[in-house]
Structure formats: C-alpha cells, structure tokens
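I have placed the structure first, in the form of structure tokens, so that the comments after it can refer back to it.
Residue numbers (our numbering), protein chains in the order written: chain A, 18 to 282; chain B, 23 to 313.
Right under this line is the structure:
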C-alpha cells in the first residue's frame, strides 16, 4: 500500500510552547511517514505531545526545528486540505443546522457552489446515519451524534488527510465502540487517510493500520508498529496490547517502584 | 431464611414491558389555564394591568392632577396627543435622530472591535479608550457638541454615538475574547482569515454578549436623547419628545408631561419585548447559546 513518496512526511520535528513561566518542549525530533489510505495512530501516555504534534500537522503551530510536508509542500498554516475532528463536543457551529455545518467548509473554502455543497453534505450525513437530523441544531443532539456530524464534516471535504484528536474520548464506552466500528466501516467505503491521536491501546489496535508509539516528556518516537487487521482474533489483539503496554510503561514502572514499596510499609 | 445466610445471593429478575395501552396517561395535553400562564407576554401584560390599577388608585386618592394625574387622564392625553396633537410627530422626530445615532454608534463600535481583535495595539487602544470615555456622561459633552455642530440634530447624534459606542464595543470585545478555542480552530481549519473569520465565526459565536451590548446601548441612547432634548429641541419648531415634555411642563399641562414619559416607556417596552425578543428567538435561543 506504500507509494513511492509518502503523503505526509514529518521530519525531525521539535515542538515547543510557552506557558506562563515555562518553555515546554512537547516533542523532540519526531520522524514518521503517513502513506495514502493509512489509518495512522499516534499513541502514548498523556504528556507525550501527541495532540501538539497533531496541531502542528494541522498548521496551528510551527516546529522549532524539522519540517512537516504534505504532498511535498511544507505546512505553514491551517487549511481545509487537513480537516480536523476535535475531541470537544462544541466544535460544531451552534448557529448552523447539521446540514449547514457540513456544507459550510465546502462553501467557505470555495470548493463547491451552494447546490453541489448541499448534495455532498447530505450524502455524507447519510453515511453517518444522521439523515433524520439534517435540519436539527447541534444543541439538540447527543455527544455521539455531534461527533458523527464532525466526522461527516471532515470527510465531506475529502481532505488529503483527516486529523482526529481523540474524537471518541469524551463518549461513553458503548457509544465509543459503536463509533469505532462505524469509522472502520466508513474507511472501508472510501479508504481515506486518517491521522488519529489516542491514549487508549485497545482503540489504537482496533482502529489503526500503523501505530506510532511516543514516550513522554518530551515526546520521542519509541516504535512504529503494524497493527492487526480489524478481523484478527481477540487473542492476537491481547498479545499486541500487552506488548505495547510493556513498551510504553516499562520505564514508568521502574520509576514508581520504590515509591510503591514505601507506601506499603 | 436462606437469604439471611447469604444476603448477596439474589435471583435474576426478568420482566416483559407492558403495552402502553394497559395503563393510563403517557402524554396528555396541558389544560387551557396552564397553556395561558405559559405565555410570557400574557404574564407581563397582567403585571402591567396591576401596576396601572395601583397608579389609578393612588392618583385618585391623592386627587391633585397638577402633581400626579390619574392613569386614565394620562392615557386620554396620550391618545389625544397621538391622534390630534403633535405627540406622534415629536415621537417620530425623536426616533429618527435616535436610530441615526444608534446605527452610527454601532458602526463605530464594529470598526473599533475588529481593529482590536486583529491586532494587539488595537486591543490596547480599545481598552484605553473605553476606560477613558465610558465613565464620561454623554450629556457632559453636549455643550462642546453645541459649539462644534450647532443647535440641531448633529449635536444630539454626536452625544448618542458617544453613549452607544463604548457600551457596545466593550461587550462585543469581551464576547470575542470568550469564544471557545475549539471554534476558533475550526474556523481557521476552514481556511477563514481576516474579515470572513470575524463575520462568520466570531460574531455569531459572541452573539449573546453582542446582544447584551446592543440592549445596553439602546437604553443609553434613549436616556441621552431625552436628556439632550430637554435642553433644546432638535431643531426650531420641530423638537422631539424631551422638548414636548419640557414645553408642557412650562404650560402646566401635567397629563401631557406624563403622556410624553408614557410614550418613552411604551417605545422602550415594544423594542425590548418585540424587537430584541424576536432577534433573540431567531438567534441565540434557536442556537442553544442561551436558554
């Protein structure tokens, strides 16, 4: 599935941001390539800079060193070729209906005139099974439905790459599993490229085709693994989950071990 | 006794839901009285009636039409003024000046806040100007305005702009600052920048604050207008409501004075409960930004 040149190339990217009294290095010299139709996962514990990395790919912040190239062109600012799905439920514009929310970026970016944008919006709303709610306002929808609208909005733009920042993290466990299945079904339909941030190992294994493991403080690449096919049996998934878990948390266990014995005395 | 030996061992309970036909009400329409009391406009109208009755009773017990005319006498003067007298033309004159000043004030506020949101020095400028001029009563500028613009509508428009501008600008700016970061990023994700970004993301998202600013600005504009007109008419011969009140006081036509004040109140009630209410229902309530 690998083309000669990657769709997204991240080369030696160091990211820093300022808080009130600190300069924080979020990631240090991170490299990875995302190819067309990858379901590429950024996985790591909190503090490994995975969301910051996604924001840099989105164009919201500039790397201190290194570069991010999409189809060979350096990423300098946010743009509709990298549609983003956020974790928060408040990412839909409250003053627009579901249909208008999906149409808006298509029109605002000048990609499609009104009629065509409406047809495309309805097509993608149907794909996420929300046709009955096309004329509802976001505040009348449940959390899962809002996230499905956000995904439809991202996909309707048919971006080069869909960026997803823990989109299911704020959902309850049952809805989350359903959304994961739906996302995989959507991918089977159109084979879009997605860069997906999560801190859940089972979610990474289920959704991803390729997983980048990041270590925390600052985020550095620990490994890049192939995931299992979605049809793989549970036993294989558990083995991989155990392996990833030991890779990510091996250091952490050693660090906290003395404290733990102390607490037991 | 078995359960006492092992209190946690409980059988599974399985039940079939009963068809809703088997029991009574699932949903029932509200009674007529409940539906009537649910209409906010009717509740407010009832309050207005109570206030009018209190006014009438107090004025009759006082029985001094020079100090405090009755409600019926005021309404009588109001209706006569509207139909035969010059109350209607005075109100129209006042409203025209008011709307010009209000619109110009909002336009100035829009320019100032857009500059403030797009640059840091603009933010500083807005903060500085508001803290300087917001506490300054508009009417205090009237003598200066008279020198600059002469005796006429120009001076009044100037002081109305002053009273509207700072309230609207301050509220709009604080509304822009409170727009959630996610929505900002969504807007920029679509590739929006500059004016389209302000117009299509910031203004709708900050609309509750902007609306508050517009309401406060409207009230300030009215107060300033009436106060300024009490000093002089808008132009010779065709003064506004303030001038109407002042003239009638000089002629001791106290019911007419009350009718003039009554007009200000009625217009205020209509604008607040019809114009702003409709705008709210079509925007922030519909979008779920305000309950």
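Don't be surprised by glycine CBs; every beta carbon is placed ideally from N, CA and C. Quantities reported herein were computed from a predicted structural model and do not represent experimental measurements.
Helix, strand or coil at residue 110 of chain A [DSSP, three-state]: Here residue 110 of chain A corresponds to residue number 93 of the first chain, with the count starting at 1. In the three-state DSSP reduction, residue 110 of chain A falls in the coil class, being neither helix nor strand.
Closer than 8 angstroms at the beta carbon, the chain B residues around residue 77 of chain A: Walking along the first chain from the start, residue 77 of chain A turns up at place 60. By Cβ distance, chain B contributes 207, 210.
Measure the alpha-carbon distance for residue 240 of chain A versus residue 230 of chain A and round it to whole angstroms. In the first chain, the residue the question calls residue 240 of chain A occupies position 223. In the first chain, the residue the question calls residue 230 of chain A occupies position 213. Taking the straight line joining both Cα atoms gives about 5 angstroms.
CB of residue 83 of chain A within 8 angstroms of CB of residue 234 of chain A, strictly: Taking the first residue of the first chain as position 1, residue 83 of chain A is located at position 66. Taking the first residue of the first chain as position 1, residue 234 of chain A is located at position 217. Contact annotation: residue 83 of chain A and residue 234 of chain A have beta-carbon atoms that are not nearer than 8 angstroms.
Please report the distance separating the alpha-carbon of residue 99 of chain A from that of residue 34 of chain A. The sequence position of residue 99 of chain A within the first chain is 82, counting from 1. The sequence position of residue 34 of chain A within the first chain is 17, counting from 1. About 22 angstroms.
Chain-ordered chain B contacts of residue 125 of chain A [CB-CB under 8 angstroms]: By one-based count along the first chain, residue 125 of chain A stands at place 108. Near residue 125 of chain A (Cβ distances below 8 angstroms), the residues of chain B are 212, 213, 214, 218, 222.
Count the other C-beta atoms from every protein chain shown that fall within 10 angstroms of the C-beta of residue 255 of chain A, then say buried if there are 16 or more, exposed otherwise. Position 238 of the first chain, counted from the first residue, corresponds to residue 255 of chain A. Label assigned to residue 255 of chain A: exposed.
Short of 8 angstroms Cβ to Cβ, which residues in the stretch 228-257 of chain B face chain D? Any reference to chain D falls outside this structure, whose protein chains are A and B.
Is there a Cβ from chain B that is less than 8 angstroms from the Cβ of residue 112 of chain A? Here residue 112 of chain A corresponds to residue number 95 of the first chain, with the count starting at 1. Judged by the 8 angstroms Cβ criterion, residue 112 of chain A is in contact with chain B.
For residue 306 of chain B, which option in B/278, B/231, B/280 has the closest C-alpha, if you only look at C-alpha atoms? Counting from one through the second chain, the residue named residue 306 of chain B turns up at place 284. The candidate whose alpha carbon is nearest that of residue 306 of chain B is B/231.
Measure the beta-carbon distance from residue 51 of chain A to residue 70 of chain A and round it to whole angstroms, keeping in mind my assumption that it falls under 8 angstroms. As a working note, residue 51 of chain A is residue 34 in the first chain. As a working note, residue 70 of chain A is residue 53 in the first chain. The Cβ separation is near 12 angstroms, so there is no contact.
When you check each C-beta in the stretch 94-106 of chain A against every C-beta of chain B, which residues fall closer than 7 angstroms? 95, 96, 97, 100, 101, 103, 105
Alpha carbon of residue 33 of chain B to alpha carbon of residue 51 of chain B, nearest angstrom: As a position in the second chain, residue 33 of chain B is number 11, starting the count at 1. As a position in the second chain, residue 51 of chain B is number 29, starting the count at 1. Taking the straight line joining both Cα atoms gives about 41 angstroms.
Does the separation of the CB atoms of residue 167 of chain A and residue 142 of chain A fall below 8 angstroms? As a position in the first chain, residue 167 of chain A is number 150, starting the count at 1. As a position in the first chain, residue 142 of chain A is number 125, starting the count at 1. No, they are not a contact pair.
For residue 111 of chain A, which residues from the same chain have a beta carbon less than 8 angstroms from its beta carbon, with the 5 sequence-adjacent residues on both sides left out? The count along the first chain starts at 1 and reaches residue 111 of chain A at position 94. Here the set comprises 154, 155, 156.
If you scan the stretch 20-44 of chain A from start to end, which runs of the beta strand (DSSP E) of 3 or more residues do you find wholly inside it? 25-35
Would you call the stretch 210-220 of chain B in contact with the stretch 181-196 of chain B, where contact means no fewer than 3 C-beta pairs closer than 8 angstroms? no
Using 8 angstroms as the threshold, is the C-beta distance between residue 182 of chain A and residue 57 of chain A below it? For the purposes of this step, residue 182 of chain A is identified with residue 165 of the first chain, where counting begins at 1. For the purposes of this step, residue 57 of chain A is identified with residue 40 of the first chain, where counting begins at 1. Not closer than 8 angstroms, so no.
To the nearest angstrom, report how far apart residue 228 of chain A and residue 27 of chain A are at their CA atoms. Residue mapping note: residue 228 of chain A aligns to position 211 of the first chain, counting from 1. Residue mapping note: residue 27 of chain A aligns to position 10 of the first chain, counting from 1. Cα to Cα, residue 228 of chain A sits roughly 15 angstroms from residue 27 of chain A.
Using the three-state DSSP reduction, which class does residue 104 of chain A fall into: helix, strand or coil? Looking up residue 104 of chain A in the first chain gives position 87. Looking at residue 104 of chain A - three-state DSSP - the assignment turns out to be coil, as it is neither helix nor strand.
From A/213, A/30, A/202, A/135, residue whose alpha carbon lies closest to that of residue 91 of chain A: One-based indexing of the first chain puts residue 91 of chain A at position 74. For the residues A/213, A/30, A/202, A/135, the minimum Cα distance to residue 91 of chain A belongs to A/30.
Per DSSP, which one or two residues make a beta bridge with residue 196 of chain A? For this step, residue 196 of chain A is matched to residue 179 along the first chain. Bridge partners of residue 196 of chain A: none, in fact.
Quick one: which residues of the stretch 121-147 of chain A get their C-beta closer than 8 angstroms to a C-beta of chain B? List them in chain order. 121, 122, 125, 126
If you follow the beta strand (DSSP E) that residue 83 of chain A is part of, which residue opens it and which one closes it? For the purposes of this step, residue 83 of chain A is taken as the residue at position 66 of the first chain. Following the DSSP letters along the chain, one finds residue 83 of chain A inside the beta strand (DSSP E) bounded by residues 82-87.
Interface residues of the stretch 150-165 of chain A facing chain B [CB-CB below 9 angstroms]: Along the stretch 150-165 of chain A, going in chain order, the ones with a CB nearer than 9 angstroms to a CB of chain B are 154, 155, 156, 157.
For residue 218 of chain A and residue 189 of chain A, what's the separation of their Cα atoms in angstroms? On the first chain, position 201 is the one that residue 218 of chain A refers to. On the first chain, position 172 is the one that residue 189 of chain A refers to. So the two alpha carbons sit approximately 17 angstroms from each other.
Have a look at the DSSP bridge pairing and note the partners of residue 192 of chain B. Taking the second chain and counting its residues from 1, one reaches residue 192 of chain B at position 170. BP columns for residue 192 of chain B are empty, so no partner.
Since residue 240 of chain A sits in a beta bridge, which residues does DSSP pair it with? On the first chain, position 223 is the one that residue 240 of chain A refers to. A/230, per the DSSP bridge assignment.
Name, please, each residue of chain A whose Cβ falls closer than 7 angstroms to the Cβ of residue 202 of chain B. Working through the second chain from its first residue, we reach residue 202 of chain B at position 180. The answer, in chain order, is 107.
In chain A, which residues lie with their C-beta within 8 angstroms of the C-beta of residue 305 of chain B? Here residue 305 of chain B is taken as the residue at index 283 of the second chain, counted from 1. In chain order: 112.
Span separating the alpha-carbon of residue 59 of chain A from that of residue 37 of chain A: Residue 59 of chain A sits at position 42 when you count from the first residue of the first chain. Residue 37 of chain A sits at position 20 when you count from the first residue of the first chain. Cα to Cα, the separation comes out at about 27 angstroms.
Any beta-carbon of chain A closer than 8 angstroms to the one on residue 170 of chain B? Position 148 of the second chain, counting from 1, holds the residue named residue 170 of chain B. Chain A contact via Cβ: absent.
Report the rounded CA-to-CA distance for residue 150 of chain A versus residue 186 of chain B, giving the unit in angstroms. Within the first chain, residue 150 of chain A is the residue found at index 133, counting from 1. Within the second chain, residue 186 of chain B is the residue found at index 164, counting from 1. Roughly 41 angstroms separates the two Cα atoms.
Cα separation between residue 185 of chain A and residue 220 of chain A? Position 168 of the first chain, counted from the first residue, corresponds to residue 185 of chain A. Position 203 of the first chain, counted from the first residue, corresponds to residue 220 of chain A. Roughly 10 angstroms between the two C-alpha positions.
Between the CA atoms of residue 207 of chain B and residue 179 of chain A - distance to the nearest angstrom: Taking the first chain and counting its residues from 1, one reaches residue 179 of chain A at position 162. Taking the second chain and counting its residues from 1, one reaches residue 207 of chain B at position 185. Distance between the alpha carbons of residue 179 of chain A and residue 207 of chain B: 15 angstroms.
Tell me whether residue 282 of chain A sits in a helix, a strand or coil according to DSSP, three-state version. Locating residue 282 of chain A in the first chain gives position 265, counting from the first residue. Because residue 282 of chain A sits at a pLDDT of 34, beneath the cut-off of 50, its placement in the model cannot be relied upon, and the following sentence gives the value as read from the coordinates. Of the three classes helix, strand and coil, the one that applies to residue 282 of chain A here is coil, per DSSP.
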